[in-house]
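All remarks here apply to the structure that follows.
Residue numbers (the working numbering): 21 to 220.
Next comes the structure, spelled out in structure tokens:
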């Protein structure tokens, strides 16, 4: 891609305050709104975006070209993503990846300053989250939400569920699940019933 082509694309998508880098990626001082443009891929390679970056409500199957860092919110909501590969490492505000086809949280941002929304996917475990993840995360509409609900959506449970290997594919190991309750000082419910997993 040439400098002229990058300038033309920036004009087309209303990107105003930007710098073109040597690899033809752009750094944007401000926000980028690529939502509802019927995009199948990101038209420009981004390096940093200081404000919000919105590529929601398209037909994206990949986040290739996404910024490495986003200062504000990042939304890739309502696409056809099956992986978060290409996602920024750092999102200063909220992160929205709901209503996609994500089977896992692998490649999710290392740091998110605001809420972490990934409802309406097919996520079955907490793999991919940063090791000491302890912030609010919204998982409604994913199989793993059933496990998260057992702990009243207290994010402290995530580390221990992974540490004890509670979720094994489509199975949940009862002894290990109970160990998480003990570790967190929470009383074990008398009758645990699961629809999305087999309790073993």
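Just so you know, even glycine gets a beta-carbon here, dropped at the ideal spot from N, CA and C.
Simplified DSSP assignment, three categories, for residue i
{"i": "residue 61", "result": "coil"}
{"i": "residue 191", "result": "strand"}
{"i": "residue 41", "result": "coil"}
{"i": "residue 55", "result": "coil"}
{"i": "residue 164", "result": "coil"}
{"i": "residue 47", "result": "strand"}
{"i": "residue 29", "result": "helix"}
{"i": "residue 214", "result": "coil"}
{"i": "residue 170", "result": "helix"}
{"i": "residue 219", "result": "strand"}
Closest Cα partner of residue i within the set the options
{"i": "residue 193", "options": "54, 151, 202 and 181", "result": "181"}
{"i": "residue 133", "options": "111, 142 and 124", "result": "111"}
{"i": "residue 176", "options": "153, 85, 52 and 163", "result": "153"}
{"i": "residue 26", "options": "56, 50, 62 and 55", "result": "62"}
{"i": "residue 33", "options": "211, 56, 190 and 117", "result": "56"}
{"i": "residue 89", "options": "76, 71 and 158", "result": "71"}
{"i": "residue 60", "options": "54, 160 and 81", "result": "81"}
Anticipated Cβ contact below 8 Å, residue i with residue j, distance rounded
{"i": "residue 119", "j": "residue 98", "result": "5 Å"}
{"i": "residue 45", "j": "residue 65", "result": "4 Å"}
{"i": "residue 78", "j": "residue 58", "result": "6 Å"}
{"i": "residue 146", "j": "residue 115", "result": "About 15 Å separates the two Cβ atoms, so there is no contact after all."}
{"i": "residue 37", "j": "residue 48", "result": "7 Å"}
Any non-hydrogen atom of the ligand COA within 6 Å of residue i CB
{"i": "residue 44", "result": "This structure lacks the ligand COA; in fact it carries no ligand of any kind."}
Cβ pair residue i, residue j closer than 7 Å
{"i": "residue 208", "j": "residue 199", "result": "no"}
{"i": "residue 101", "j": "residue 125", "result": "no"}
{"i": "residue 127", "j": "residue 104", "result": "yes"}
{"i": "residue 190", "j": "residue 217", "result": "yes"}
{"i": "residue 83", "j": "residue 106", "result": "yes"}
{"i": "residue 143", "j": "residue 162", "result": "yes"}
Minimum length 3: unbroken beta strand (DSSP E) runs contained in the region 65-135: 66-69
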